[in-house]
Amino acid sequence: KQEVTQIPAALSVPEGENLVLNCSFTDSAIYNLQWFRQDPGKGLTSLLLIQSSQREQTSGRLNASLDKSSGRSTLYIAASQPGDSATYLCAVIRPTDSWGKLQFGAGTQVVVTP
Amino acid sequence: GAGVSQTPSNKVTEKGKYVELRCDPISGHTALYWYRQSLGQGPEFLIYFQGTGAADDSGLPNDRFFAVRPEGSVSTLKIQRTERGDSAVYLCASSLNEDSEAFFGQGTRLTVV
């Protein structure tokens, strides 16, 4: 059974510092991996989707890498800002499943202090 | 609409009552997904529809939970004989088809008292 783990559960950094968020999964036979952001009381906003043949994706200050063989993905956020404060979730998709059938980690709650 | 819409945004109900949660997907999206998110946890998959039919209901926790999508657009998640443990945020997502990215709504926060 696939397990998705995110460590640490919470993280606080001063503004300007780079953020490194980790996601690990037990079954390397995944298809896609996706990173989301969730603000308090809100739904999920997709940040980056790494498809099966890719090893990383970049968008602005965000970069996500994927190493299937080691069962790990890392989300980097450069030069953090207070507006980056949120919970970040990673999710994996099995090869046989629809892209919307996601298995999520519990998330890392990030606070960026001014 | 521009995004996935869920109503109501908040619902408080008494233990034992029946509730319905509504999801209005992005226009033209054929796939629709329901998730449940408990406090401090990631969302857990409940059920997904392709068109009008439930393609995968493996995540429904028990037979008190049921979902429909009669016309292939709006979906309703129905919970009978609610229990306090059903309190959670229920999220809906939709995608153009089964092999495309899903977009999430804002969720319905259900509180069973």
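So the protein lines, in turn, are chains A and B.
The opening residue of the first sequence carries number 16 in the working numbering; numbering runs sequentially from there.
The opening residue of the second sequence carries number 25 in the working numbering; numbering runs sequentially from there.
Positions of the beta carbon are idealized from the N, C-alpha and C atoms, including for glycine.
7 Å CB neighbourhood of residue i in its chain, flanking five on each side removed
i, result
"A79 of chain B", "Y72 and F73"
"E38 of chain B", "V137"
"T60 of chain A", "F51 and R52"
"P32 of chain B", "T132"
"Q130 of chain B", "Q30 and S33"
"S84 of chain A", "S43"
Residue i - containing beta strand (DSSP E), residue span
i, result
"W58 of chain B", "A55 to Q61"
"D128 of chain A", "At residue 128 of chain A the sequence reads Thr, which differs from the Asp that was named. Residues T123 to T128."
"G77 of chain B", "G77 to D80"
"Q104 of chain B", "From DSSP, Q104 of chain B is part of no beta strand (DSSP E); its letter is neither H nor E."
"P29 of chain A", "A25 to P29"
"S118 of chain B", "A112 to S119"
"L63 of chain A", "L59 to I65"
"W50 of chain A", "N47 to Q53"
"N86 of chain B", "Here N86 of chain B belongs to no beta strand (DSSP E), and DSSP marks it neither H nor E."
"L117 of chain A", "Premise fails: L117 of chain A is in no beta strand (DSSP E) and is neither H nor E."
"S29 of chain B", "S29 to T31"
Assumed close pair residue i, residue j - CB separation to whole angstroms, cut-off 8 Å
i, j, result
"A126 of chain B", "G115 of chain A", "3 Å"
"T102 of chain A", "T123 of chain A", "7 Å"
"Q49 of chain A", "A94 of chain A", "About 23 Å; that fails the 8 Å criterion."
"P97 of chain A", "E30 of chain A", "6 Å"
"N10 of chain A", "Q21 of chain A", "The question about residue 10 of chain A has no answer here: the residues shown for chain A are numbered 16 through 129."
"N78 of chain A", "I65 of chain A", "Incorrect: roughly 11 Å between the Cβ atoms, too far for contact."
"V36 of chain B", "T135 of chain B", "5 Å"
Cutoff 6 Å; reference residue i; Cβ partners in own chain excluding five residues on either side
i, result
"D42 of chain A", "Q17"
"G96 of chain B", "G75 and T76"
"V126 of chain A", "S27 and S100"
"A25 of chain A", "Q124"
"P67 of chain B", "Y59, Q61 and L115"
DSSP-derived helix/strand/coil call for residue i
i, result
"R87 of chain A", "strand"
"P12 of chain A", "No statement about residue 12 of chain A is possible, as the shown extent of chain A runs from 16 to 129 and does not include it."
"R46 of chain B", "strand"
"R70 of chain A", "coil"
"D42 of chain A", "coil"
"D82 of chain A", "strand"
"V137 of chain B", "coil"
"N33 of chain A", "coil"
"A106 of chain A", "strand"
Proximity test, residue i beta-carbon vs the ligand GDP heavy atom, cut-off 7 Å
i, result
"T76 of chain B", "Of ligands this structure carries none, so the ligand GDP is not represented either."
Own chain partners of residue i with C-beta closer than 8 Å, once the 5 adjacent residues on each side are dropped
i, result
"G99 of chain B", "The question names Gly, but residue 99 of chain B in the sequence shown is Ser. Within the same chain, S99 of chain B has close Cβ partners R46, C47, P49, L56, W58, F73, A91, V92, R93 and C116."
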